[in-house]
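Working notes, structure below.
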Amino acid sequence: MSDERFFKREGPFTVEVLAQKIGAELKPPERAGQIVRDIADLEQAGKDDVAVFCNVRHAGAFAKSHAGVIVTSRKLGEFPHNGSALLLSNDPRLAFAELGRIFYPAGAPKSFVHPRATIAATASIGAEVAIAAGVVIGEHVVIGARSRIGANTVIEDHVSIGSDAVIGPNCSISHALIGAAVNISSNVSIGGEGFGFVPGPQGPVRLSHVGLVIIGNRVEIGSNCAIDRGGLGNTVIGDMTALDNLVQIGHNVRIGKGCVFAGQAGVAGSAIIGDYVMVGGAVSISDHVTVGDGAKIAGKSGVMRDVAAGETVAGYPAMPIRQWHRQTTALAKLAKKSD
Amino acid sequence: MSDERFFKREGPFTVEVLAQKIGAELKPPERAGQIVRDIADLEQAGKDDVAVFCNVRHAGAFAKSHAGVIVTSRKLGEFPHNGSALLLSNDPRLAFAELGRIFYPAGAPKSFVHPRATIAATASIGAEVAIAAGVVIGEHVVIGARSRIGANTVIEDHVSIGSDAVIGPNCSISHALIGAAVNISSNVSIGGEGFGFVPGPQGPVRLSHVGLVIIGNRVEIGSNCAIDRGGLGNTVIGDMTALDNLVQIGHNVRIGKGCVFAGQAGVAGSAIIGDYVMVGGAVSISDHVTVGDGAKIAGKSGVMRDVAAGETVAGYPAMPIRQWHRQTTALAKLAKKSD
Amino acid sequence: MSDERFFKREGPFTVEVLAQKIGAELKPPERAGQIVRDIADLEQAGKDDVAVFCNVRHAGAFAKSHAGVIVTSRKLGEFPHNGSALLLSNDPRLAFAELGRIFYPAGAPKSFVHPRATIAATASIGAEVAIAAGVVIGEHVVIGARSRIGANTVIEDHVSIGSDAVIGPNCSISHALIGAAVNISSNVSIGGEGFGFVPGPQGPVRLSHVGLVIIGNRVEIGSNCAIDRGGLGNTVIGDMTALDNLVQIGHNVRIGKGCVFAGQAGVAGSAIIGDYVMVGGAVSISDHVTVGDGAKIAGKSGVMRDVAAGETVAGYPAMPIRQWHRQTTALAKLAKKSD
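Heads up: the protein sequence lines correspond to chains A, B and C, in order. Numbered as in this note's numbering, the first sequence ends at 339 without a single skipped number. Numbered as in this note's numbering, the second sequence ends at 1339 without a single skipped number. Numbered as in this note's numbering, the third sequence ends at 2339 without a single skipped number.
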């Protein structure tokens, strides 16, 4: 059960209402009036909770779960269980995500501009925004309606941010045009000069970086990420793409829509990433590499060449994942033989 | 010698006093009255300094050192040296750490609340705290006695921090219950939403994250770390555990006590780390993996499977370190042969 | 073309003027009066732009480019092209970097001290500085002439920063002596306690860190980097060295001049890096390792042993790059055979 000081929970709801909201079939139907108070983990859930069972590996936990209600698929719902009511859904994972938003809606935060925020006279601030203490907003900045800017965040001259954005504290944003409904966590740096250097007689000489960072709608950016602006041309992050914490995006990188980058991944300058690419944690993608739509890159890989659309790669250097597994196995055998 | 502008040094002390404070035996005893003014490196130390010799690899430096006093073990004290007085200790490394605190005690900083800190009326602020300029403290926050909060740090609603904490500047802390005597460096993010997504028809959909970050007593967290809160249930870091800089801790990770994570290590969601685990720099630990008590993970490893208690692993994928060395050797031979 | 809201462009210039400024030979000379308005990418450039052609791999783009003027070498200038005027230079890359500064000079920013900056009475602030809102400057800090400090950056007691520095927002700087003309991006942490621990009976015990961070002139530090101060002795970064984003520099590391560290690279405590070393992205260098002058370390490598001056290494563990390629090839063959 969540800590009520930190999280405001809606409800309770009857199972019937939840079934309707997420478009699921209740089994057995006579449990329609049962009360549900919270979402919970399959193993921790009690009689007032709804949990999810969406992976056959958890069949044991499903069999023993004390959850009052469990969301699952028609197929997984055939496994033995402990008397929970079932909500049968075509996509139980997504249905459970929706239940999360039903019990914990984003809420309509209070609108305010803190007197200790420093906002340039030329900035354009939308309706119903929330701008916390210590925020610094530069000349000609545009902040869309209902956006929230966390304390001590700095938004430099001419940056534009769409409506319904949530930006956490201590972020530093410059040289960027940012879409609507983005979610940017804390201590994020956006718009820094790219790391393009030319060797000079006394050391590296930085190239001029006169491009921007262009961020689409509904993009998610985790804590302590760093996203550089382009040199000539822009750095681009497409709609619905999500970055975890401590991710590095180099200058002139172009990322498509719906991609997912896990923690500490990094993309070097001018790489091109397609749509719906999945990038594991601590992956490194070299400069000027192209990764096709729907590709998957296993955690910790070092991608040094192009990856075709739909391909799954792993390793350092990265290669098709089956090949990597073969190499891993062959090397283990070789070492054993040579003992 | 340390820069007196930055560091306030206590002393001088006689060797006798130091021997007593750290429980060491002085050899020869007639050097009891010798004066010591500072701690120093074995190679840089002069006649007024105390240094440490705790590794046989430095026997050459020990032989030539001009340190007035050297802390060492009875065994290492048999090596030839240059006339330094010796302080013989069962654990010279720990004894030298204690000497550091004798010459450079943490001190009792001035207590103050800067007029440019913004503190919610409902926050509970302990006695003798130091709260710097630009700090923003939300509703119902609890700050324990004698804690120090660095400039421009943001502590969101309901967060609780124990007594004697030292928190650096520009940190962003939300959704967290934090113990006593923690040491959190600068630009640290704690309590961000975890990176749990479900694929949706238009892109990734984030799961609700309604858990907290629970941090024990005497935990150390380096600069620019990011620690996410739990989804269902909490992210937990046990007493005395230390994280170096730029470490990533994912949602629902559980870390035991007394662990050490070197710089840029990362732990993905729901991994479980036992007590006294040593994690090298740039190590990546995959989600849902379990690492047993006292395990050691060599720098740069990619841990993709469980690691047993007490085991030492290395490599990508990580394997027992002897096996990794065998594989590394076998591969080198193979490449030579195939030339 | 750059966004005029964000970037102030000088010019236009005639080709003749540009040729003179960068010391290039114009071919054909009769194009001297041609007007140039901006720098651009070879593929995007139009008739008013100057682009660069400095790598034979882009000969196709050179042949088709619509750029009015192209900077190149005498040799590359022999390739077929589309009627652009050519500026022939001994070092076209460096010449193009100079053109960037001609069109986009750093400018002389307005000098000011924002009333919402908090500056200790004992701090010494040079002439013509720019100190933004929310900046906090401690006792006895020295800021050189014409330096700019970004909003909400915190500079702790006794830190000294040379003239003409540009420091971005939300940085946290302590225990540091910093040279002139440095460029430090946003959310950077400098001067944190090093991660030197001794195992104690109840967990790790931190060693006293009474050294400083010493940063030379014209050093560049990217966003969200973390640089720890020394334990006994200092952490040192030499003149003209450049760090990309999210780079970790451990305590007592000594880095020479003119080095380049790409994103997410990390150097563990007490490593010694020579002059003009090139370190790829996500490289990890172990503690106490020495890397010689002019060495090159390929991206994602794990350097566990010393690297000789001038050597190029790759792999994990890192080895001479030719050996790494041989091993990679040999392993691929072995896996194929064993199918």
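Even glycine gets a Cβ: it sits at the ideal position worked out from N, Cα and C. Computed from a predicted model, the values in this text were never measured in an experiment.
Closer than 8 Å to chain C by CB, residue i
i       : result
F197/A  : yes
H114/A  : no
L232/A  : yes
K1064/B : no
D306/A  : no
E189/A  : The question names Glu, but residue 189/A is Ser in the sequence shown. Closer than 8 Å to some Cβ of chain C, the Cβ of S189/A qualifies, so yes.
E1220/B : yes
L200/A  : It should be noted that the sequence gives Gly, not Leu, for residue 200/A. Yes, G200/A counts as interfacial toward chain C.
G263/A  : no
A121/A  : no
Neighbour-count burial assignment, residue i, 16 or more Cβ in a 10 Å radius
i       : result
Q1248/B : buried
K296/A  : buried
E220/A  : buried
S2124/C : exposed
E90/A   : Here the sequence assigns Asn to residue 90/A, which means Glu is not the residue at that position. Classification of N90/A: exposed, given that the 10 Å Cβ count is below 16.
S352/A  : Examination of residue 352/A is not possible in this model, given that chain A is present from 1 through 339 alone.
P1092/B : buried
A1127/B : exposed
V1056/B : exposed
H209/A  : buried
F2103/C : buried
G33/A   : exposed
G2083/C : exposed
G2060/C : exposed
K8/A    : exposed
A19/A   : buried
P1029/B : exposed
H2288/C : exposed
Interface flag, residue i vs chain A, CB-CB below 8 Å
i       : result
T1118/B : yes
R1361/B : What the structure shows of chain B is the stretch from 1001 to 1339, and residue 1361/B is not part of that stretch, so it cannot be assessed.
S1185/B : no
S1284/B : yes
G1179/B : no
Per-residue DSSP class, three states only, for residue i
i       : result
L1207/B : coil
F1013/B : strand
F1062/B : helix
E1025/B : strand
F7/A    : coil
V56/A   : helix
Q2202/C : coil
E2220/C : strand
R1116/B : coil
L2088/C : strand
Q2020/C : helix
A2145/C : coil
R1305/B : coil
Sequence-distant residues of the same chain with beta carbon closer than 7 Å to residue i, five excluded per side
i       : result
A1051/B : A1040, D1041, L1042, A1045, S1065, A1067 and I1070
A2151/C : A2132, A2133, G2134, V2135 and P2169
L2086/C : K2027, I2070, T2072 and G2077
Neighbour flag for residue i against chain B, beta carbons, 8 Å
i       : result
R5/A    : yes
S2210/C : Residue 2210/C is actually Val in this sequence, not Ser. Chain B, which has a Cβ nearer than 8 Å to the Cβ of V2210/C, makes this yes.
Q44/A   : yes
Proximal residues to residue i (C-beta, below 6 Å), its chain only, five neighbours per side dropped
i       : result
F96/A   : V52 and V71
V166/A  : R148 and N183
E1139/B : A1120, T1122 and D1157
E2025/C : L2088
A2130/C : P2109, S2111, F2112 and R2148
M2240/C : R2218, K2257 and G2258
T312/A  : K296 and I321
Cβ-based neighbour list, residue i, same chain, cut-off 8 Å, excluding 5 preceding and 5 following
i       : result
L1246/B : G1222, S1223, N1224, C1225, G1263 and Q1264
- request: Would you list, in chain order, the members of the stretch 2312-2331 of chain C that have their beta-carbon closer than 9 Å to a beta-carbon of chain A?
  value: G2315, Y2316, T2328 and L2331
task: Give the residues from the stretch 1228-1259 of chain B that approach chain A closer than 8 Å (Cβ to any Cβ), ordered along the chain.
output: Taking 8 Å as the Cβ-Cβ cut-off against chain A, the residues of the stretch 1228-1259 of chain B that qualify are D1228, L1232, G1233, L1246, Q1248 and G1250.
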